[in-house]
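Have a look at the structure below before the remarks.
Numbering (our numbering), first residue to last: 51 to 209.
This is the structure we're talking about:
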């Protein structure tokens, strides 16, 4: 195969990684990196290259802290890359002040946890009170439904 056709030939072969790409990225193509590749700290990155959020907002802010009861819990499964994952549903009930009046909140949200958080949640029983930290993301590329991606789990005792 000619060297100039190497990139085209690789595009036809589907590759599934079992681990993260090597840090030196020697097998990567192109310069489409989300993080600047500057190990020596020699290149200055201008603030203007960062994505900006809505006017007056915090760029990229997507943080959730939610407390509730575990009402559905799927079985611990593994992604094709071997990462443990568990899907669940959480019921949240609270009371908040809104426009000078009390508002009762009753909501359910779907969530997913990976790695250590998935292992912790998989051992929990239904109706367990938990506090979750995470972020919201679309369920899939084709779905606009929001799902809570968990980054930290706290089990609440004595309530």
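Note that CB positions come from ideal geometry on N, CA and C, so glycine has one too.
When you compare the CB positions of residue i and residue j, do they come within less than 8 Å of one another, or not?
| i | j | result |
| --- | --- | --- |
| residue 183 | residue 159 | no |
| residue 140 | residue 170 | no |
| residue 123 | residue 134 | no |
| residue 161 | residue 198 | yes |
| residue 119 | residue 204 | no |
| residue 154 | residue 145 | yes |
| residue 114 | residue 167 | no |
| residue 196 | residue 188 | yes |
Taking only three categories from DSSP, how would you classify residue i?
| i | result |
| --- | --- |
| residue 150 | coil |
| residue 135 | strand |
| residue 141 | strand |
| residue 127 | strand |
| residue 176 | coil |
| residue 111 | coil |
| residue 99 | With a pLDDT of only 44 at residue 99, under 50, the local geometry of the prediction cannot be trusted, and no value is derived from it. |
Sort out for me which residues DSSP pairs residue i with in a bridge.
| i | result |
| --- | --- |
| residue 181 | 117 and 204 |
| residue 158 | 141 |
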